[in-house]
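Residue numbers (the UniProt record's numbering): 1 to 70. Using N, Cα and C, we set each Cβ at its ideal position, and we do this for glycine too.
Right, here's the structure in full:
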């Protein structure tokens, strides 16, 4: 199981670590949340606010863990 939160407006430039604007900068929605379950099934959802994306990831992860243990 893996979770990842992607900022679609900025990328990190290596090795400096500076943030660089992407072609999607300013276009909504900004964040994409990725959830990959134990079998490799990927679920993604986009959000305008980072806190909403983080909340969805936590809820999805907890729901997956509860279903798996039940």
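From the DSSP secondary-structure annotation, give me the bridge partner or partners of residue 20. In DSSP, residue 20 forms a bridge with 11.
Nearest residue (CA-CA) to residue 2, options 27, 21, 22, 41: 41
In three-state terms, what does DSSP make of residue 64? Secondary structure of residue 64 (DSSP, three-state): helix.
Note down the Cα distance separating residue 23 from residue 16, rounded to an integer number of angstroms. 20 Å
Would you say residue 61 and residue 34 are within 8 Å of each other, going by their C-beta atoms? With a cutoff of 8 Å on beta-carbon distance, residue 61 and residue 34 are scored as not near each other.
Contact under 8 Å by Cβ, residue 46 with residue 31: yes
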